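Only one structure is covered here, and it is reproduced in the block below.
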Amino acid sequence: MTCFSQTTVQTYWLPPESDDKISLSVTVLLAFFVLLFVVTDIVPPSSNHIAIIGNLSALVTSSCTYL
């Protein structure tokens with residue numbers, strides 16, 4: 006999860022006129038969605054508490070949003 010947030014931050018280091026900035030951002034976004042789909046297949050459909058991976062995912066998503 007932290008790999009996705011680090012890669013997202015690294016896109017800001019690329020120059021604005023670079024086409025790689027857009028492709029890197031889209032690739033990171035797609036990889037994050039694939040990871041979420043894989044995790045939802047692994048996690049049991051019901052439980053009484055929120056899984057640790059859910060808390061971590063929410064934390065990473067919110068920290069990337071506020072950057």
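Each residue of the sequence shown is one higher than the last, beginning at 6 in this note's numbering.
No residue lacks a Cβ here, since even glycine has one placed at the ideal position from N, Cα and C.
None of these values were measured; they are calculated from a predicted model.
Proximity below 8 Å, CB of residue i to CB of residue j
| i | j | result |
| --- | --- | --- |
| V33 | T12 | yes |
Between the CA atoms of residue j and residue i - distance to the nearest angstrom
| i | j | result |
| --- | --- | --- |
| I58 | E22 | 36 Å |
| A36 | S30 | 10 Å |
| P20 | P49 | 43 Å |
| V43 | S62 | 13 Å |
| V14 | L40 | 19 Å |
Per-residue DSSP class, three states only, for residue i
| i | result |
| --- | --- |
| L61 | helix |
| A56 | coil |
| D24 | coil |
8 Å CB neighbourhood of residue i in its chain, flanking five on each side removed
| i | result |
| --- | --- |
| L28 | Leu is not the amino acid found at residue 28; the sequence shown has Ser there. Hits under 8 Å: none found. |
| K26 | T16, L19, P20 |
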